[in-house]
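With mature numbering (1 follows the signal peptide of the UniProt record, and there is no 0) applied, the sequence shown covers -26 to -1, 1 to 416. We put the CB at the ideal spot given by N, CA and C, even for glycine. Since the structure is predicted, the reported quantities are computational estimates derived from the model, not experimental observations.
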Amino acid sequence: MKHRGRHRRRRRGRALRGVLAGTALALTAAATLISASQATVADAPGALKPIGVSAGAGRLELAEHRVPGPWLDRLTSEMGRPVGAGTVLDSADRTLRNAAGCPTAEKHTLPVEPAATRAYCFGGADTRGWRPGAVTTSGDADDDGRWGGNRVILSGWTRGGAGGGSMDGPAPEQGLAKVAFVDANDPDRLRYTWALLAVPVDGGRDYRGLVSPLSGMVWYQDKLLVTTREGDRDALYVYDMDRIQRATVDSDAVGRVRGGWSAYGYRFVLPAVASYALPGGDDVPHPAAVSLDRSTSPDSLVASEWVPADGDRRTRLWRYALSRDPARSGLLATDSSEHADPVEAYETKTADVRGVLSYRSGWYLDRAAGTPGGHGTLWRQDTKGARAAECATDETRHCWSGLSGSLSYWEETGELWSQSGRMLFALPLASVDRALGRPADR
């Protein structure tokens, strides 16, 4: 644990905030055109409605299941000693293009108001046939914003979706899930490499790929928690960032193959170490978006379900406490029966939520665009009301990214990170609050 210095170096590097934010990129011009079909002002969703967690616990509780230790030990003995995130970053051999070098059509998906201050894009050949879905950073992992001395961004993708994103909600039939490990130490040159997400099987003698849309992801301490829809009850899978295995065979297969181990052509694979399951029932909300909230005590994981725009019910938001037990680093707080109950829950009229973030007194909800090629809306809600930025003379609130993605707040730098199609972007959370006409809640 000596390489992490977790929870000791509070907000080190505040002076770097201006450097990392940089000067405003010439992105506004590329994102200011909004189609006429968006001229109608979105109806404000109003205030959040609290839900009693005691009444909702039976629907929102999660049951924790650990992958047996002997399974993981057997996999390690067969595949070799695991490596950590630093080793994966050392192998980063691909470069994200800075915004100036990204296609104009992709830059048009960036937020209009407030504008991104940093933006990058993945190459089409590298992501064709994959759907972007989730973002988290080393700002989630450790409160000093670093992991082993590195600034890191993780970008999650799912096989089988449109490479530039989709208007559809989470689709359970989609395929393999992978994560880009992005070396963000140099903001002018982001490099990355891929790792496949997997699930141990056959007592640890093999593994299979995680077959699920990757719509939400949080890296907390040494664990990576990702949303999953592999079954009716599956909610989250957990991965250990110190238990990353090397693939030894370059092929399209996944798991044990003749001559070694394959990870769909990628050099690294993460086998799951635990999972969280939902209770049974038709009205059980699946977490489609998740993020970390460091403004609570203890730190907490917040979640939102996905309800379509034409749905007949409200969207539920809820929160789980994260464990303070050093023996349970990165896991949810559970009771004696290994169940995690929500500590707070709300309902909102906001539908088609693709990203959720909670910080201090506000909840930020990323609502998808209502039309192809359009822009979404970023709402800030609390129990008193809702606000969204306006970005044109017709007072439209369709000002957010066009292909909405998850939200992640990097507290050390003050930046909000998200992804719109192949575009990975950041902007100060304070600029979001200013665009809403309210003082920053810091």
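**OP:** Alpha carbon to alpha carbon, how far is Ala115 from Ser303? Give it in angstroms, no decimals.
**Re:** 11 Å
Subject >> Length of the line joining the Cα atoms of Trp337 and Gln355 >> reply: 5 Å
Subject >> Sub-7 Å separation of Val247 and Gly233 beta-carbons >> reply: no
**OP:** Please state whether DSSP places Tyr340 in a helix, a strand or coil.
**Re:** Reading off the sequence shown, one finds Asp at residue 340, where the question assumed Tyr. Correct three-state label for Asp340: strand.
Original post:
So is Asp118 buried or exposed if we call it buried at 16+ other beta carbons inside 10 Å?
Top reply: buried
Subject >> Other residues of its chain near Ala400: CB distance less than 6 Å, five sequence neighbours each side excluded >> reply: Arg92, Glu389, Trp391
Original post:
First and last residue of the beta strand (DSSP E) that includes Ser186?
Top reply: Ser186 -> no beta strand (DSSP E), and no H or E assigned at all.
Original post:
So what does DSSP say about Thr201, is it helix, strand or coil?
Top reply: strand
Original post:
Under the DSSP definition of a beta bridge, which residues are partnered with residue 488?
Top reply: Residue numbering for the chain in the displayed model covers -26 to 416; residue 488 lies beyond these limits and cannot be assessed.
**OP:** Report the three-state DSSP secondary structure of Ala404 (helix, strand or coil).
**Re:** helix
Subject >> Simplified DSSP state of Gly113, which is helix, strand or coil >> reply: helix
Original post:
How is Ala79 classed by DSSP in three states: helix, strand or coil?
Top reply: helix
Subject >> Buried versus exposed call for Lys152 [16 or more other C-beta atoms within 10 Å across all chains shown] >> reply: buried
Subject >> Run of the alpha helix (DSSP H) containing Ala59, from where it starts to where it stops >> reply: 59 to 64
Original post:
How do the segment 57 to 70 and the segment 355 to 364 stand: do at least 3 beta-carbon pairs fall below 8 Å, yes or no?
Top reply: no
**OP:** Give me the Cα-Cα distance between Trp384 and Gly190, rounded to the nearest whole angstrom.
**Re:** 16 Å
Original post:
Helix or strand or just coil, what does DSSP make of Arg102?
Top reply: coil
Subject >> DSSP-derived helix/strand/coil call for Val126 >> reply: strand
Original post:
Are at least three pairs of beta-carbons, each pair with one atom in the segment 203 to 217 and one in the segment 249 to 258, less than 8 Å apart?
Top reply: yes
Original post:
Taking DSSP as the reference, what is the three-state secondary structure of Thr329?
Top reply: In the sequence on display, residue 329 carries Gly and not Thr. The answer is strand: DSSP assigns Gly329 an E or B state.
**OP:** Would you please state the rounded distance, in angstroms, between the beta carbons of Leu36 and His313? I believe it to be under 8 Å.
**Re:** 7 Å
Original post:
What is the residue span of the beta strand (DSSP E) that Trp45 lies within?
Top reply: Where Trp45 is concerned, there is no enclosing beta strand (DSSP E), although the alpha helix (DSSP H) it sits in stretches over 43 to 53.
Original post:
For Leu63, which residues of its own chain have a beta-carbon under 7 Å away from its beta-carbon, when the five flanking residues on both sides are left out?
Top reply: Asn124, Val126, Phe155, Asp157
Original post:
Among Asp309, Asp67, Phe96, which residue has its Cα nearest to the Cα of Pro77?
Top reply: Phe96
Subject >> Sequence ranges, beta strand (DSSP E) only - wholly within the segment 237 to 291, length at least 3 >> reply: 242 to 251, 263 to 267, 274 to 278
Original post:
Between Thr83 and Arg105, which are expected to be in contact by the criterion C-beta below 8 Å, what is the C-beta distance as a whole number of angstroms?
Top reply: Not really, about 14 Å apart at Cβ, beyond 8 Å.
Original post:
DSSP on Asp176, reduced to helix/strand/coil?
Top reply: helix
Subject >> DSSP three-state assignment for Leu381, whether helix, strand or coil >> reply: coil
Original post:
How big is the Cα-Cα spacing for Val15 and Val86?
Top reply: Confidence at Val15 is low in this model, with a pLDDT of 41, below 50, so its placement is unreliable and no value can be given for it.
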